[in-house]
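Q: The following block contains the structure, expressed as structure tokens.
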Amino acid sequence: MSETFTKSMARNIFYGGSVFFFLLFLALTFASHQDFPSRDNHEALTETVAKGKRIWETHDCIGCHTLLGEGAYFAPELGNVYERFGNSTEAIKAFIKSRPVDGVPGRRSMPQFNLSDEELEQVAQFLKYASGIKTANNWPPNIKG
Amino acid sequence: MMEKRKQPPGDLAIWIFICAELSVFAAFFAAYAFTRAKHLELFNRYQQTLNTDYALINTLALITSSYFVVRAVAAIREGSQRSCARWLLAAIAMGALFLVVKSMEYQHHFSHGVTLSTNTFYMFYISLTFFHFMHVIMGMVILAAVALKAHAGGYTAERHAGVETGASYWHMVDLVWIILFPLVYVMR
Amino acid sequence: MKYKSQSVAKLYFVAAIALFVGQILFGLVMGLQYVIGDFLFPEIPFNAARMVHTNLLIVWLLFGFMGSAYYLVPEESERELVAPWLAKLMFWIFLIAGAATVAGYLLVPYAKLAELTMDDLLPTMGREFLEQPTVTKLGIVVVALSFLFSIGMTILKGRKTVVTLVLLIGLTGLAVFFLFAFYNPENLVLDKYYWWWVVHLWVEGVWELILGAILAFILIKTTGVDREVIEKWLYVIIAMTLITGLIGTGHHYYWIGTPDFWQWWGSIFSAMEPIPFFMMTIFAFNMVNRRRRNHPNKAAVLWALGTAVMAFLGAGVWGFLHTLAPVNYYTHGTQITAAHGHMAFYGAYVMIVLAMISYAMPMMRGRKAANSPSSQVVEMWSFWLMTVSMVFITLFLTGAGILQTYLQRYSDQPLDFMTVQDKISLFYWLREIAGVIFLIGLVLYVVSFFVGTDDPEAVEKIEVDAETA
Amino acid sequence: MPLTPRTEQGKAFIRPCTIIYLLLMSLTLLTWALGRFNAQIGLPAMTLSMSVLGIAILKGHLIGDFFMGLRRVRGPWRWVVTLWLLLPASLITIAFMQAGQ
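Chains as they are written, first to last, in our numbering: chain A, 1 to 145; chain B, 146 to 333; chain C, 334 to 802; chain D, 803 to 903.
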């Protein structure tokens, strides 16, 4: 019996395997969707929060910070900043508001975005909402993020 | 003394695939066992909600279907295409029986609100069995394709690597269940 | 070069290299901002520099992929490109849109850019790597569809090979999964879940098909090994890629509000993800060892082998390092991720594009098969400088990441983020130095195009087989 | 290479694979019975677990050898299934011993 290792079988495995595992991925996605309502803190997803997400996005906050560990690693994690700031949206707003326009000599500094009070409230509420998302094992490991 | 060959039956490509699949299952089995060691009471308690009788029927069904596949390969080696197709059909029927019984089992659990997130035991139970369940479906699709080709006279006593390839995959599906059955249903 | 229309690739390659230089310059800016926080502040804040750095990377790799496709598809299909004018038109559209977008990042505040481009109509901006204004994204879709049209039609009308088929599947997948960039729900968990359908299913899915196809093409051309053998392995490797990589998406679903079962599924499948990369390394070296000819373009072969090794190290080994959920619990979102990202992108995608450029450019510039020996020597120097400095960038970032993980996440008295950053700044300085060396390598790479252009080209060394001689 | 269904005289034989099949079925019933009736049999949990695991390895080996046809293969592929069986089985054994303590 000669060696058999055919291109057509390799091809079949590529097609079959890809379809198989993509379907499995879809099944797991479906299972994830069943679980989202119990973890994604959608109860807190008010219009203010939605607007806050837009503020978050249009100022490219993810370009320096991480949110639930995703983003840039230049500035602190913000998924739990609400808790780190003593469960206070006021503290978050005060921090954003007080950033110096010209930065801090020699140090990293957050830009002064000149947000209105309303916008500040929205983005702070967004961060509060984010902190209410139930991450597995309560990630991050500690309050430092 | 029989002549030994260097390569397992069927296309080598399927054996690479089989090895990959077996590694995934091995990882899952080990993960199950070590997680169980950490949550012994939970695993022992919820293991009792599983129905061993269903699992017995399913094990017998899979072994029988594997046997039928062996007969299908033997038939094509003797040059009998129609008998090969018939044995494959019988094997597919046993696969279908497996799916029906397994679905009844799932139906029982799901109607009690069990999901992947209910607890760690059910996470493993559903993950392992569902992953295997999909392999049974995949195997049936492969066997069906082989059966159709055999029926159409696509294999001969000399050239039948396709039958052996499909057979090898199906035996792998059986093999995985052979470990899964005692591990998840019986061992405690 | 067998077909005239292949030459459109040259435009794409030149642009790719130019944008590559830009990407590295901004990388150095960011690297400096890591240690001198107020560098260029507030003119170019870190987030703007980062957008430029990452988006230029994506855009120039896309230029590289497109150029590679335009070069190899006519040759594989044995016919001229369908509508080469479309390829040229789309090049300029893509280049101008890309340049305008980058200019937008740098010249106006990002919020202003969002306003100017009317992001509120269909908000898609402000998510990592997908920062482009919605109109740019729409432009990308148009470019991708036109590109698929001309490549697809050429493939369908000509000889169909496994290389072109796999390439086409990869490129189609690239276009399809990009559509998830337009899905931006208010629900943060959903947003993140489907964001990965672009990012992960690109870089650990369909892009690997493109990588495999290009690598197979180069190996067929430079080693003279039987096409059947190479194509067979291509299928097996990309099959393993998708088998492991699709569920492997789960390693991004550990800590973002997604269910716990992903920790198991993600860990088990992504632990298998190094396998296809390992197979690719074995495959590439095997093919070169079994070569039937000594291709005079040594630089191209070097890049191709380099791709296989560095992709395995960067994507395979450095990926595995932090892919298991219990490890990732501590390393998620630290410099470990940055270390992996740098080496994986360089090893898998930067190097394959440079390999293709290295292989195709001499022919497009009128050579028969290769550049002059002196040019190749410079190019190979640039290979080693860039590759070794990338290894060091990765090692320094890994060192920074391990310390960060320990000090901020693991020790009994965890420290603040910024306190930790100050403590590990030495590693950032070292990374910046390695980055400068990378830039020197890149400059040498550009220089290699202008060295020895008047010298005769390198010729194939005929090996005399001892047994037949 | 027929699985010797008949001798030259045309006398019917039981195929080896049929014998293996019947053996596999009986071993399955044994596993099931051990699990189902252990309350009456009263084996210690560890003994029960290791017995059914041992039976499973034997079954898997038979499937690999006779059904997959590996006993007619030489070289590394000959042992692929058996090695695979031993790998998770030893990990499972370690885990169960950990849990048993």
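Every residue, glycine too, gets a C-beta built ideally from N, C-alpha and C.
Is it buried or exposed, C:MET723, if we count other Cβ atoms within 10 angstroms and call 16 or more buried?
A: Start at 1 with the first residue of the third sequence, and residue 723 of chain C comes out as number 390. Buried: at least 16 other Cβ atoms inside 10 Å.
Q: May I have the straight-line CA-CA distance separating A:LEU68 from C:ILE563, to the nearest angstrom?
A: Numbered from its first residue, the first sequence carries residue 68 of chain A at position 68. Numbered from its first residue, the third sequence carries residue 563 of chain C at position 230. C-alpha separation (whole angstroms): 42 Å.
Q: The ligand MN heavy atoms versus the CB of C:LEU687: any closer than 7 Å?
A: With respect to the ligand MN, the structure offers nothing, as it holds no ligand at all.
Q: Taking C-beta to C-beta, are C:GLU606 and C:THR582 nearer than 8 Å?
A: Position 273 of the third sequence holds residue 606 of chain C. Position 249 of the third sequence holds residue 582 of chain C. No, Cβ-Cβ distance for C:GLU606 and C:THR582 is not below 8 Å.
Q: Taking CB distances under 8 Å as the criterion, tell me whether A:GLY86 reaches chain C.
A: For the purposes of this step, residue 86 of chain A is taken as the residue at position 86 of the first sequence. Not an interface residue.
Q: Show which residues of chain A have a CB atom less than 8 Å away from the CB atom of B:THR260.
A: As a working note, residue 260 of chain B is residue 115 in the second sequence. The contacting residues are ALA31, GLN34 and ASP35.
Q: Mind listing the chain D neighbours of B:ARG227? Cutoff is C-beta to C-beta under 8 Å, in chain order.
A: By 1-based counting over the second sequence, the position of residue 227 of chain B is 82. None at all; the shortest Cβ gap to chain D is about 17 Å.
Q: Relative to the C-alpha of C:LYS804, which residue among C:THR469, C:LEU390 and C:ALA693 is closest?
A: For residue 804 of chain C there is no data in the structure shown, the boundaries of chain C being 334 and 802.
Q: Cα separation between B:MET268 and C:MET697?
A: For the purposes of this step, residue 268 of chain B is taken as the residue at position 123 of the second sequence. For the purposes of this step, residue 697 of chain C is taken as the residue at position 364 of the third sequence. When rounded, the distance between both Cα atoms is 57 Å.
Q: Could you check if B:MET146 is buried or exposed, using at least 16 other CB atoms within 10 Å of its CB as the buried criterion?
A: In the second sequence, counting from the first residue as 1, residue 146 of chain B sits at position 1. With a pLDDT of only 43 at B:MET146, under the threshold of 50, the placement of this residue in the model should not be trusted, and no figure is reported.
Q: State yes or no: is the beta carbon of A:THR58 nearer than 8 Å to at least one beta carbon in chain G?
A: Looking at the structure shown, chain G is missing, and the protein chains on hand are A, B, C and D.
Q: What is the rounded straight-line gap between the Cα of B:TRP322 and the Cα of D:LEU864?
A: Taking the first residue of the second sequence as position 1, residue 322 of chain B is located at position 177. Taking the first residue of the fourth sequence as position 1, residue 864 of chain D is located at position 62. Spanning the two alpha carbons is a distance of roughly 14 Å.
Q: Within its chain, find whatever has a CB closer than 8 Å to the CB of C:ALA688; leave out the 5 residues flanking it on each side and keep chain order.
A: Here residue 688 of chain C corresponds to residue number 355 of the third sequence, with the count starting at 1. ILE547, LEU548, ILE551, ALA633, TRP636, ALA637, GLY639 and THR640.
Q: Is the beta carbon of C:ARG625 closer than 8 Å to that of C:THR556?
A: Counting from one through the third sequence, the residue named residue 556 of chain C turns up at place 223. Counting from one through the third sequence, the residue named residue 625 of chain C turns up at place 292. Yes. Within cutoff.
Q: Enumerate in chain order the residues of its own chain whose CB-to-CB distance from B:PHE326 is below 6 Å, with the five nearest sequence positions on each side excluded.
A: By 1-based counting over the second sequence, the position of residue 326 of chain B is 181. Excluding residues within five positions, the ones whose Cβ falls inside 6 Å are ALA200 and THR204.
Q: Helix, strand or coil for D:VAL922 per DSSP?
A: This structure does not reach residue 922 of chain D, given that chain D is present from 803 up to 903, and the question cannot be answered.
Q: By the criterion of Cβ-Cβ separation under 7 Å, what are the contact partners of C:MET573 in chain B?
A: In the third sequence, residue 573 of chain C corresponds to position 240, counting from 1. Residues of chain B passing the Cβ test: ALA165.
Q: According to DSSP, what are the bridge partners of C:THR591?
A: The count along the third sequence starts at 1 and reaches residue 591 of chain C at position 258. Paired residue(s): none; C:THR591 is not in a bridge.
Q: Using 8 Å as the limit for Cβ to Cβ distance, is B:THR310 near chain A?
A: Translated into positions along the second sequence, residue 310 of chain B becomes position 165. Judged by the 8 Å Cβ criterion, B:THR310 is in contact with chain A.
Q: Check this for me: beta carbons of C:LEU439 and C:ALA381, under 8 Å apart or not?
A: Within the third sequence, the letter at position 106 stands for residue 439 of chain C. Within the third sequence, the letter at position 48 stands for residue 381 of chain C. For C:LEU439 and C:ALA381, yes; Cβs fall inside 8 Å.
Q: Which partner residues does C:GLU561 have in the DSSP bridge list?
A: As a position in the third sequence, residue 561 of chain C is number 228, starting the count at 1. None, per the DSSP bridge assignment.
Q: Select from the stretch 726–746 of chain C all residues with a C-beta closer than 7 Å to any C-beta belonging to chain A, and list them in chain order.
A: The residues in question are GLN741 and ARG742.
Q: Taking DSSP as the reference, what is the three-state secondary structure of A:ARG107?
A: Here the question's residue 107 of chain A lines up with position 107 in the first sequence. Three-state DSSP puts A:ARG107 in a strand.
Q: Go through its chain and collect everything with a Cβ distance to A:ALA72's Cβ below 6 Å, but skip five positions before and after it.
A: Looking up residue 72 of chain A in the first sequence gives position 72. Contacts found: GLY63 and CYS64.
Q: In three-state terms, what does DSSP make of C:GLU541?
A: Reading the third sequence from its first residue, position 208 is the one you call residue 541 of chain C. Reduced to three states, the DSSP call for C:GLU541 is helix.
Q: Taking the runs of the alpha helix (DSSP H) that are 4 residues or longer, which of them lie wholly in the stretch 612–697 of chain C?
A: The stretch 612–697 of chain C contains these whole alpha helix (DSSP H) runs: 631–644, 651–654, 658–664, 668–677 and 684–697.
Q: Could you tell me the distance, in whole angstroms, from the CA atom of B:THR312 to the CA atom of B:HIS296?
A: As a first step, residue 312 of chain B must be located in the second sequence, where it is residue number 167. As a first step, residue 296 of chain B must be located in the second sequence, where it is residue number 151. A small fix is needed here, since residue 312 of chain B is Ala in this sequence, not Thr. Using only the alpha carbons, I get a separation of about 16 Å.
Q: Would you list, in chain order, the members of the stretch 239–253 of chain B that have their beta-carbon closer than 8 Å to a beta-carbon of chain A?
A: Correct list: empty, as no residue qualifies.
Q: Have a look at A:SER109 and A:ALA75 and give me their C-alpha separation to the nearest angstrom.
A: For this step, residue 109 of chain A is matched to residue 109 along the first sequence. For this step, residue 75 of chain A is matched to residue 75 along the first sequence. Distance between the alpha carbons of A:SER109 and A:ALA75 is about 9 Å.
Q: In whole angstroms, give me the CA-to-CA distance for A:SER98 and C:PHE602.
A: Position 98 of the first sequence, counted from the first residue, corresponds to residue 98 of chain A. Position 269 of the third sequence, counted from the first residue, corresponds to residue 602 of chain C. Their Cα atoms are separated by approximately 46 Å.
Q: List the residues of chain A that B:PHE162 touches, going by C-beta distances under 7 Å, in chain order.
A: Reading the second sequence from its first residue, position 17 is the one you call residue 162 of chain B. Residues of chain A passing the Cβ test: ILE13 and GLY17.
Q: So, are the CB atoms of C:LEU657 and C:ALA604 less than 8 Å apart?
A: As a position in the third sequence, residue 657 of chain C is number 324, starting the count at 1. As a position in the third sequence, residue 604 of chain C is number 271, starting the count at 1. Contact: yes.
Q: Using the three-state DSSP reduction, which class does A:GLY16 fall into: helix, strand or coil?
A: In the first sequence, residue 16 of chain A corresponds to position 16, counting from 1. The answer is helix: DSSP assigns A:GLY16 an H, G or I state.
Q: If you measure between the beta carbons of D:LEU836 and D:SER853, is that distance less than 8 Å?
A: Counting from one through the fourth sequence, the residue named residue 836 of chain D turns up at place 34. Counting from one through the fourth sequence, the residue named residue 853 of chain D turns up at place 51. For D:LEU836 and D:SER853, yes; Cβs fall inside 8 Å.
Q: Comparing C-alpha positions only, which one of B:ALA217, B:GLU223, B:TYR270 and B:PRO153 sits nearest to B:LEU234?
A: Position 89 of the second sequence holds residue 234 of chain B. Closest option to B:LEU234, Cα to Cα, is B:ALA217.
Q: Starting from D:PHE898 and walking both ways along the alpha helix (DSSP H), at which residues does that stretch end?
A: By one-based count along the fourth sequence, residue 898 of chain D stands at place 96. Residues 882–902.
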